[in-house]
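As you go down the protein sequences, you meet chains A and B in turn. Counting with the working numbering, you get residues 49 to 211 for the letters of the first sequence. Counting with the working numbering, you get residues 49 to 211 for the letters of the second sequence. Presented below is the structure to which this report refers.
Number of protein chains: 2
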Amino acid sequence: MSPSALPYRPHNHDACVAQALTEARTICQQHNARLTPTRERVLELIWQSHKPLGAYDVLAVLAADGHNAAPPTVYRALDFLQQHGLVHRIASLNAFVGCTHPGKNHQGLFLICRCCGNVLELTAPGVSDAVKNAAADEAFQPDNMTIEVSGTCPGCASDTAHD
Amino acid sequence: MSPSALPYRPHNHDACVAQALTEARTICQQHNARLTPTRERVLELIWQSHKPLGAYDVLAVLAADGHNAAPPTVYRALDFLQQHGLVHRIASLNAFVGCTHPGKNHQGLFLICRCCGNVLELTAPGVSDAVKNAAADEAFQPDNMTIEVSGTCPGCASDTAHD
DNA sequence: TTGCTAATGTTATAATATTGCAAATTCCAC
DNA sequence: GTGGAATTTGCAATATTATAACATTAGCAA
Ligand SMILES: [Zn+2]
Ligand SMILES: [Zn+2]
Ligand SMILES: [Zn+2]
Ligand SMILES: [Zn+2]
């Protein structure tokens with residue numbers, strides 16, 4: 049199994065978070081963008097697991113933090129993070145997940161487990177090429193793709209196998 | 049250009065609608081499902097163009113019809129129509145569009161024009177195979193795919209070409 | 001300092017979707 | 001046809017997700 053399959057097996061998730069935050073700082077510096085405390089905190093929360101988090105979930109944690117935030121605070125932070133390629137929005141869930149390939153130019157494909165909720169982001173150039181070809185056949189100029197797959201991850205499949 | 053590229057060029061759209069309704073009746077009969085007046089009317093409204101329609105847009109037209117409907121009426125009708133493969137929900141737009149391949153077993157790929165709003169549904173087996181392969185490489189069992197591409201359709205591209 | 005821009009706070013509201021229960025309709029066996 | 005089950009609809013309330021509009025503050029440079 050490829051090492052990218054991280055969410056599906058035990059791993060040192062604190063290291064995931066730490067790395068994501070470090071990379072985010074670097075990327076924001078390169079972009080001359082300010083990773084303010086609120087933005088950084090939101091990113092950290094999004095990374096608290098490999099399960100997508102809703103904007104209002106983020107909001108609730110901020111509130112618990114003592115940060116008296118309103119929805120726009122969260123949505124603005126999320127917009128910023130998306131803009132800089134640090135998080136992705138999962139359209140089929142109205143939720144957000146940390147990008148596992150930040151800084152790299154990539155088209156994500158998301159494998160969403162219905163059972164455990166974890167999301168694995170793949171780069172899948174083969175898929176985006178196939179989509180581009182299909183679009184080109186219709187003379188359509190793509191500019192953004194949403195590719196999301198719901199199903200069962202290997203962990204959950206083996207859990208339920210011995211029923 | 050393939051004949052499926054219908055929304056992007058002038059065509060007898062009344063014929064589109066009529067055919068969609070006829071096929072819907074047939075399919076519901078085959079499924080032993082009841083295409084009630086409300087459901088049929090909602091399907092007709094969804095088909096009023098090749099642009100996806102929001103649930104509340106449908107609701108507004110029903111209201112104008114004199115039908116005193118509440119949101120659940122519309123969402124239930126849309127659920128029914130989705131269940132029977134007569135409409136698709138476009139996750140990136142929170143809106144619904146008529147299925148152009150009803151009755152056929154297919155995985156849709158949607159080309160969404162940002163400019164005119166029209167959506168072309170493709171079957172694109174190449175794409176779904178590529179997605180299935182990518183999923184299989186991670187031992188993931190897909191069960192539903194969302195593949196949506198935003199961009200510029202050929203009509204809109206040629207309109208803006210001579211700027 | 002002053003003035004500019006980006007970022008945040010705040011309030012309100014818009015837009016999308018669901019729950020739960022009661023009433024009506026339709027279906028089907030008898 | 002009639003009774004009873006199952007499906008469909010009506011309806012009120014509410015949940016969830018997202019944005020608009022405007023005031024305030026922080027960061028930064030001339
Ligand atoms: Zn992790
Ligand atoms: Zn990514
Ligand atoms: Zn048409
Ligand atoms: Zn379809």
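Idealized CB from N, CA, C, for every residue including glycine. Computed from a predicted model, the values in this text were never measured in an experiment.
Considering only the alpha carbon of each residue, which of the options lies closest to residue i?
i      : options                        : result
B:L159 : B:T121, B:A112, B:E196         : B:E196
B:L83  : B:A117, B:G133, B:K99, B:C64   : B:G133
B:N166 : B:H79, B:N80, B:Q96            : B:Q96
A:D191 : A:T200, A:K180, A:R73, A:C201  : A:K180
B:D127 : B:D113, B:E88, B:H154, B:L157  : B:E88
A:Q77  : A:G151, A:Q155, A:P202, A:Q189 : A:G151
A:C161 : A:H154, A:Q155, A:E169         : A:E169
B:G203 : A:P202, A:D207, A:F188         : A:F188
A:C147 : A:V65, A:A184, A:G199, A:E186  : A:V65
B:S254 : B:H79, B:H59, B:C163           : Outside the shown range of chain B (49 to 211) lies residue 254 of chain B, about which nothing can therefore be said.
Can you find the residues in the same chain that come closer than 6 Å, C-beta to C-beta, to residue i, ignoring five residues on each side of it along the sequence?
i      : result
A:S140 : E196
B:K99  : G165, N166
A:M49  : Model confidence at A:M49 stands at a pLDDT of 46, short of 50, so the residue's coordinates are unreliable; what they give is reported in the following sentence. Nothing listed; no residue qualifies.
B:L129 : L91, V135
B:T194 : A139
B:Q67  : none
Roughly how many angstroms separate the alpha carbons of residue i and residue j, rounded to a whole number?
i      : j      : result
A:T70  : A:L91  : 11 Å
A:P55  : B:L54  : 42 Å
A:V145 : A:I94  : 6 Å
A:Q75  : A:N142 : As written in the sequence, residue 75 of chain A is Ile, which differs from the Gln given in the question. Their Cα atoms are separated by approximately 25 Å.
A:A111 : B:V175 : 43 Å
A:A182 : B:D105 : 30 Å
A:N116 : A:A125 : 15 Å
B:Y123 : B:L101 : 12 Å
A:G114 : A:A103 : 17 Å
A:N153 : A:P173 : 11 Å
A:E186 : A:P85  : 45 Å
B:Q131 : B:R137 : 11 Å
A:A118 : A:A184 : 43 Å
What span of residues does the alpha helix (DSSP H) with residue i cover, start to end?
i      : result
A:Q130 : 119-131
A:H61  : 61-78
Can you find the residues in the same chain that come closer than 8 Å, C-beta to C-beta, to residue i, ignoring five residues on each side of it along the sequence?
i      : result
B:H149 : G156, E169, T171
Quick check on the DSSP output: the beta strand (DSSP E) that includes residue i runs from which residue to which?
i      : result
B:L159 : 157-161
B:A190 : Here residue 190 of chain B is Pro; the residue named in the question, Ala, does not match the sequence. Element bounds for B:P190: 189-200.
B:A112 : That residue, B:A112, is in no beta strand (DSSP E); its alpha helix (DSSP H) goes 103-113.
A:G174 : A:G174 -> not in any beta strand (DSSP E); alpha helix (DSSP H) instead, spanning 173-185.
Leaving out the 5 sequence neighbours to the left and right, which residues in its chain are closer than 7 Å to residue i when beta-carbon positions are compared?
i      : result
B:T200 : C161, R162, C163
B:N273 : Outside the modelled stretch of chain B, which goes from 49 to 211, sits residue 273 of chain B, for which no answer is possible.
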